[in-house]
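Right, one structure below, let's go through it.
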Amino acid sequence: MTIALVTGIAFHEFSHAWAANELGDDTAARQGRLTLNPLAHLDPVGTVLLFVVGVGWGKPTPVNPYRLSSGIKRGNMLVALAGPLSNFAFALLASFPLILGWVEPIAFEDIEHASGSQIFGTFLLLIGFLNVILGVFNLIPIHPLDGFKVLLGVLPDELSRPLSSLSRWGPALLIGLILISFIAPDYSPLGWIFDGAADLFLEVIT
3 MTIALVTGIA
13 FHEFSHAWAA
23 NELGDDTAAR
33 QGRLTLNPLA
43 HLDPVGTVLL
53 FVVGVGWGKP
63 TPVNPYRLSS
73 GIKRGNMLVA
83 LAGPLSNFAF
93 ALLASFPLIL
103 GWVEPIAFED
113 IEHASGSQIF
123 GTFLLLIGFL
133 NVILGVFNLI
143 PIHPLDGFKV
153 LLGVLPDELS
163 RPLSSLSRWG
173 PALLIGLILI
183 SFIAPDYSPL
193 GWIFDGAADL
203 FLEVIT
């Protein structure tokens, strides 16, 4: 699972860097972030937590919005949107062998008796599932997630400006939602969102 998460995080952050570079800001590229090498995108603390508790994060991709050719508001939105969209694309790409029936996954409890093909199918399913979750999570419109910048980008200025001033409360709200997931998983909004995304993903590939 850790390998699948690290791969998804690297693809996500690379896509931010690629989008920014395409829009005229080479800040991330000059810092070596325009690469799929996971080592360039891993945050030290986030990586340790990923291996210890299975939850972590990547190093934020640096963006200079003043250098984006499409303007600050629209440029920020496009760069932010590139991350989650890349996760959905990666999930679909990883799922093609499953959709076409070339390989089949197997239940985790039976993995020790699985064939090489079944293990590969299960790994592809895990990559697809985790990338869908990464994409959906990052689209939640709470700062500092990508969804907040996307929301600011689509709202008119008279709404986006006051909403932007509330961004300082975003991290606390996000931590609260994550804590609820551990303390009371049955009542977790994140759990409801992820369950819905997982069900939709399974419907698409089966």
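Using my numbering, the first residue of the sequence shown is number 3, and each one after it goes up by one.
For every residue, glycine included, the Cβ atom is placed at its ideal position computed from N, Cα and C.
Note that this is a predicted model, so its numbers are computed, not measured.
- Pairing residue 141 with residue 130 gives a Cβ-Cβ distance that is not under 8 angstroms.
- Residue burial is scored here from C-beta neighbours: residue 11 has at least 16 other C-beta atoms within 10 angstroms and is therefore classed as buried.
- Inter-segment contact for the region 35–46 and the region 109–123 is absent: fewer than three beta-carbon pairs are separated by less than 8 angstroms.
- Judged by DSSP in its simplified three-state form, residue 26 adopts coil rather than helix or strand.
- Between residue 203 and residue 96, the CB-CB gap reaches or exceeds 8 angstroms.
- With 16 or more other Cβ atoms inside 10 Å of its own Cβ, residue 89 counts as buried.
- Here residue 83 is not near residue 26, since their CB atoms are 8 angstroms or more apart.
- Around the beta carbon of residue 3, fewer than 16 other beta carbons lie within 10 angstroms, which makes this residue exposed.
- In the structure shown, residue 44 falls within a strand segment according to DSSP collapsed to helix, strand and coil.
- Residue 140: member of the alpha helix (DSSP H) spanning 118–140, first to last residue.
- Secondary structure note for residue 164: its alpha helix (DSSP H) is the uninterrupted segment 159–166.
- Relative to residue 18, the option among 156, 30 and 171 whose CA is nearest is 30.
- Residues 10, 89, 92 and 93 of the same chain have their beta carbon placed closer than 6 angstroms to that of residue 133, with the five preceding and five following residues left out of the count.
- In the three-state scheme derived from DSSP, where H, G and I count as helix and E and B as strand, residue 73 is classed as coil.
- Shown here for residue 15: same chain residues with a beta carbon closer than 6 angstroms to its own, the five before and five after excluded, namely 43, 60 and 63 in chain order.
- Membership of residue 183 in the alpha helix (DSSP H) is indicated by the continuous run 172–185.
- Apart from the 5 residues on each side of it in sequence, residue 138 sits with its Cβ closer than 8 angstroms to the Cβ of 86, 195, 196 and 199 in its chain, given in chain order.
- Bridge pairing for residue 60: 44 [DSSP].
- In the displayed model, residue 202 falls within a helix according to three-state DSSP.
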